[in-house]
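Residue numbers (the numbering used here), protein chains in the order written: chain V, 1 to 188; chain S, 1 to 157. Positions of the beta carbon are idealized from the N, C-alpha and C atoms, including for glycine. None of the values given here were measured: they were computed from a predicted structure.
Okay, here's the thing in structure tokens:
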């Protein structure tokens, strides 16, 4: 019998089943994350035509490489990492936006900018700003805003997805918000 | 979504076996280790030319090429270890400083036990050629001079 999406089975347990050959459980994982990854892709790659294909590629890559997943870690972070790589590859292919060879924000330590206890306090303001100018941000800043506010991931999860220090996540969010508010002030 | 499961069930898409990833990890560790050992070899050799008494004498003939190669190796090593959580969770400058400190400390220790003298005495084909290439011109000895002459000359200056 096919596992249903309402099953309380953890993602990591489902992955173990897939790794041992029960591929039906992969369908369960796809149904859990398909919409989330599509939303992430649509926001991050706004203006790109083939987002559906890229998202499909994310899941196919996840399946091909599923034996490399360490079940002691979080499956969602692992899947988002694959999605991040695919989206970055798509940007590189289209050459619409320049991408730095390395992330300058990750070179030096930043004073620890703690994750706010209540993210919803700033949500409305950020959503308003993002509606107007999210696409004006560089990919590195745009992505942290999407992952934190739209995908509701924690700083630590974002750090694991983007392979950057946790303090850099806080700094990037702060800078992205500043850039967006400056842009709005300039054009309103 | 149906497209994905169809491709998987029809066998169009297959998962890579675990052994591929295990071998890849082993290869990455082996590559890092090899780069680190090469760095130790080069940096400890370069350090022989840096000495408060003799540095200015050796300065014009300093092995800049080896220094450049060492810097490239440091960047490569940093690039590889950035794949591991222990490195990417911290700012790049930390892992870079850790590599440099480790290489420098080990190189000083290697020179303390006259590593290059010992290796040179064994006259291993590839390594011997390396010593001849980089030491001969420095010491103006056709065909190269034994490493202990560097030390003797340093004392002279």
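For residue i, which of helix, strand or coil comes out of DSSP?
i, result
"residue 107 of chain V", "coil"
"residue 138 of chain S", "Because residue 138 of chain S carries a pLDDT of 42, less than 50, the predicted location of this residue cannot be relied on, and no value is offered for it."
"residue 135 of chain V", "helix"
"residue 87 of chain V", "helix"
"residue 171 of chain V", "helix"
"residue 143 of chain S", "Only weak support is given to the placement of residue 143 of chain S: the predicted model assigns it a pLDDT of 40, under 50, and the question is left unresolved by the model."
"residue 119 of chain S", "helix"
"residue 11 of chain S", "coil"
"residue 48 of chain V", "coil"
"residue 143 of chain V", "helix"
"residue 57 of chain V", "helix"
"residue 16 of chain S", "coil"
"residue 96 of chain V", "coil"
"residue 3 of chain S", "helix"
"residue 182 of chain V", "helix"
"residue 127 of chain S", "helix"
"residue 117 of chain V", "coil"
"residue 75 of chain V", "helix"
Buried or exposed, going by whether 16 or more other CB atoms sit within 10 Å of the CB of residue i?
i, result
"residue 95 of chain S", "buried"
"residue 91 of chain S", "buried"
"residue 120 of chain S", "buried"
"residue 116 of chain S", "buried"
"residue 11 of chain V", "buried"
"residue 182 of chain V", "exposed"
"residue 92 of chain V", "exposed"
"residue 20 of chain V", "exposed"
"residue 78 of chain V", "buried"
"residue 227 of chain V", "Shown here, chain V extends from 1 to 188; a query on residue 227 of chain V therefore has no answer."
"residue 112 of chain S", "exposed"
"residue 141 of chain S", "Reliability fails at residue 141 of chain S, whose pLDDT of 45 lies under 50, so the model's placement of it is uncertain and the value that follows must be treated cautiously. Label assigned to residue 141 of chain S: exposed."
"residue 63 of chain S", "buried"
"residue 165 of chain V", "buried"
"residue 177 of chain V", "buried"
"residue 187 of chain V", "exposed"
"residue 126 of chain V", "buried"
Taking residue i as the query, report the chain V residues whose CB atoms sit under 9 Å from its CB, ordered along the chain.
i, result
"residue 127 of chain S", "Within chain V, no residue comes near residue 127 of chain S; the closest Cβ sits about 34 Å away, beyond 9 Å."
"residue 118 of chain S", "Chain V residues near residue 118 of chain S: none, gap ~39 Å exceeds 9 Å."
"residue 18 of chain S", "19, 67 and 68"
Determine the chain S residues that contact residue i at a beta-carbon separation under 9 Å, and present them in chain order.
i, result
"residue 63 of chain V", "4, 7, 8, 13, 14 and 15"
"residue 159 of chain V", "88 and 89"
Can you list the residues of chain V that residue i reaches, using a CB-CB cut of under 8 Å?
i, result
"residue 81 of chain S", "Residues of chain V passing the Cβ test: none, with the nearest at roughly 12 Å."
"residue 93 of chain S", "107, 108 and 109"
Kindly list, in the order they appear in chain S, the residues whose Cβ is closer than 7 Å to that of residue i.
i, result
"residue 59 of chain V", "4"
"residue 26 of chain V", "8"
"residue 182 of chain V", "What residue 182 of chain V touches in chain S: nothing, since even the nearest Cβ is about 26 Å away."
"residue 56 of chain V", "3 and 4"
Quick one: list the residues of chain V neighbouring residue i, beta-carbon separation under 7 Å, in chain order.
i, result
"residue 21 of chain S", "67 and 68"
"residue 90 of chain S", "165"
For residue i, verify whether its CB is less than 8 Å away from any heavy atom of the ligand PLP.
i, result
"residue 72 of chain S", "This structure simply doesn't include the ligand PLP, nor any ligand for that matter."
Along chain S, which residues have their Cβ under 8 Å away from the Cβ of residue i?
i, result
"residue 49 of chain V", "Within 8 Å Cβ-Cβ: nothing; residue 49 of chain V doesn't reach chain S, min ~17 Å."
"residue 23 of chain V", "8 and 9"
Which parts of the stretch 21-46 of chain V are runs of the beta strand (DSSP E), unbroken and 3 residues or longer, counting only runs that do not cross its ends?
Within the stretch 21-46 of chain V, no complete beta strand (DSSP E) run reaches 3 residues.
Starting from the N-terminal side, write out each stretch of the alpha helix (DSSP H) that is 4 residues or longer and does not extend beyond the stretch 19-92 of chain S.
Whole alpha helix (DSSP H) segments, 4+ residues: 55-58, 64-81 and 85-88.
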